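Residue numbers (our numbering): 1096 to 1407. Using N, Cα and C, we set each Cβ at its ideal position, and we do this for glycine too. Quantities reported herein were computed from a predicted structural model and do not represent experimental measurements.
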Amino acid sequence: MRIHKRFGGTVVPVVTPLTSDYRLDEEAVEKIFTHLANNEAMPFILGTTGEAASLSAQVKSDYLRKAASLKSAGAMLYVGISSNSFDESVQMAKRSFDLGASAVAATLPAYYNLSEDQIRKYLTQLADQVSGPLIIYNIPATTHMSIPLHLIDELSHHENVVAVKDSERSQKRLDESLQLWAHRPDFSYLLGWAAKSAYALLNGGDGLIPSTGNVTPEIYCEMVKAVQNGDADKAYQYQQYSDQLGALYQSGRLLGESLWALKVLMQEVGLCQPNMMPPLHKLADQEAAEIKQSFHALLQQEGITLNKYNHV
1096 MRIHKRFGGT VVPVVTPLTS DYRLDEEAVE KIFTHLANNE AMPFILGTTG
1146 EAASLSAQVK SDYLRKAASL KSAGAMLYVG ISSNSFDESV QMAKRSFDLG
1196 ASAVAATLPA YYNLSEDQIR KYLTQLADQV SGPLIIYNIP ATTHMSIPLH
1246 LIDELSHHEN VVAVKDSERS QKRLDESLQL WAHRPDFSYL LGWAAKSAYA
1296 LLNGGDGLIP STGNVTPEIY CEMVKAVQNG DADKAYQYQQ YSDQLGALYQ
1346 SGRLLGESLW ALKVLMQEVG LCQPNMMPPL HKLADQEAAE IKQSFHALLQ
1396 QEGITLNKYN HV
């Protein structure tokens, strides 16, 4: 029997919508959050997809304040607190919880290569000093380090450590994670590897954190429902949609370029402009047009109906 846990479901790592002069586009934040709420998805701000490593302290503060103001009673809000400065992470966690965040998430600091003992001490210190639920975020693509599973399992018994978000692309690691935590009522496994979403859910995973959910959160919410209803075929149908949509903006692009392409798709459904924070930037208008054309062709080909914020 599947265990109901507080942290799970569809958690979308939200982009940071920007104006042309690099300020937070607060109107776009409202649109995006409405889009997520209408599709039973929860926002996770200031993560990798949100360009958090490139944002000024002011933009981060503005985003946190705006996101908190949009949080309704009983709703969930996840906030990234990753920083190369330990004190900045602790202070960001404090501000987040003061404003009503449900949980905060932190990667390893990404400048120095850390030993296992240093990783243990860093995450333990962080868990000791935050005043609420902490999600350990493993993403070797940006930190260039993988947090060992046995270390996460050790830390999972800390009173403040409630979940792991794992974006590492390893089938062996995924299977071992599910064996460790699928039946733990006090610890959640959240997958950040979209290609394995249905597989993870069907084998005891608690939730998904897919960047494609910025455009199509309903695909993942319906996937979660299909798994809850025991319909594996339908879950894998939504997985196919996820794979195809992800390929539209990710295939052949660097991570930063794919985030611009994601914002292009969001522009097409009326959510935000494709402005990026340096060092990331817009690519050619022709490429944007091709992405949009491919998007519409895919929707028509697969008969995908979106619960869009605006009709396209």
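Beta-carbon within less than 6 Å of residue i's beta-carbon, same chain only, minus the 5 sequence neighbours each way: which residues are those?
{"i": "residue 1226", "result": "1192"}
{"i": "residue 1375", "result": "1351"}
{"i": "residue 1305", "result": "1289 and 1315"}
{"i": "residue 1253", "result": "1222"}
{"i": "residue 1277", "result": "1299"}
As a quick exercise: from the options, pick the residue whose alpha carbon is nearest that of residue i.
{"i": "residue 1255", "options": "1313, 1174 and 1229", "result": "1229"}
{"i": "residue 1263", "options": "1277, 1312, 1393 and 1287", "result": "1287"}
{"i": "residue 1349", "options": "1377, 1334, 1133 and 1196", "result": "1377"}
{"i": "residue 1133", "options": "1111, 1142 and 1314", "result": "1314"}
{"i": "residue 1224", "options": "1215, 1252, 1188 and 1208", "result": "1188"}
{"i": "residue 1386", "options": "1373, 1400, 1360 and 1168", "result": "1360"}
{"i": "residue 1109", "options": "1333, 1098 and 1131", "result": "1131"}
{"i": "residue 1397", "options": "1345, 1335 and 1231", "result": "1335"}
{"i": "residue 1148", "options": "1111, 1168 and 1122", "result": "1111"}
{"i": "residue 1143", "options": "1372, 1393, 1388 and 1401", "result": "1372"}
{"i": "residue 1355", "options": "1383, 1328 and 1329", "result": "1383"}
{"i": "residue 1218", "options": "1184, 1206, 1393 and 1328", "result": "1184"}
{"i": "residue 1213", "options": "1393, 1345, 1242 and 1186", "result": "1242"}
Got a sec? Which residues, its chain only, sit under 8 Å from residue i by beta carbon, not counting five neighbours each side?
{"i": "residue 1244", "result": "1268, 1271, 1272 and 1275"}
{"i": "residue 1331", "result": "1293"}
{"i": "residue 1166", "result": "1172 and 1195"}
{"i": "residue 1215", "result": "1246, 1249 and 1250"}
{"i": "residue 1150", "result": "1111, 1141, 1158 and 1372"}
Going by beta-carbon coordinates alone, are residue i and residue j separated by less than 7 Å?
{"i": "residue 1247", "j": "residue 1257", "result": "no"}
{"i": "residue 1152", "j": "residue 1174", "result": "no"}
{"i": "residue 1107", "j": "residue 1309", "result": "yes"}
{"i": "residue 1319", "j": "residue 1169", "result": "no"}
{"i": "residue 1115", "j": "residue 1324", "result": "no"}
For residue i, which residues in the same chain have their Cβ closer than 7 Å to its Cβ, ignoring the five residues on either side in sequence?
{"i": "residue 1307", "result": "1289, 1337, 1340 and 1341"}
{"i": "residue 1405", "result": "With a pLDDT of 47 at residue 1405, under the threshold of 50, the modelled position of that residue is not reliable, and the figure given next carries that caveat. The answer, listed in chain order, is 1364 and 1365."}
{"i": "residue 1100", "result": "1280, 1283 and 1301"}
{"i": "residue 1391", "result": "none"}
Tell me residue i's beta-bridge partners as DSSP assigns them.
{"i": "residue 1233", "result": "1261"}
{"i": "residue 1107", "result": "1138"}
{"i": "residue 1303", "result": "1105 and 1286"}
{"i": "residue 1364", "result": "Beta-bridge pairing links residue 1364 to no other residue."}
{"i": "residue 1200", "result": "1175 and 1230"}
{"i": "residue 1256", "result": "1229"}
With a cut-off of 7 Å, does the C-beta of residue i fall near any C-beta of chain D?
{"i": "residue 1200", "result": "Of the chains in the structure shown, none is chain D; there is only one protein chain."}
Inter-stretch contact (C-beta, 8 Å, three-pair minimum) for the stretch 1138 to 1155 and the stretch 1291 to 1298: no
Contact between the stretch 1233 to 1250 and the stretch 1191 to 1205 (3+ Cβ pairs under 8 Å): yes
Validate contact between the stretch 1153 to 1170 and the stretch 1324 to 1341 using beta carbons, cut 8 Å, 3 pairs: no
Cβ contact check for the stretch 1296 to 1311 and the stretch 1175 to 1184: 3 or more pairs under 8 Å: no
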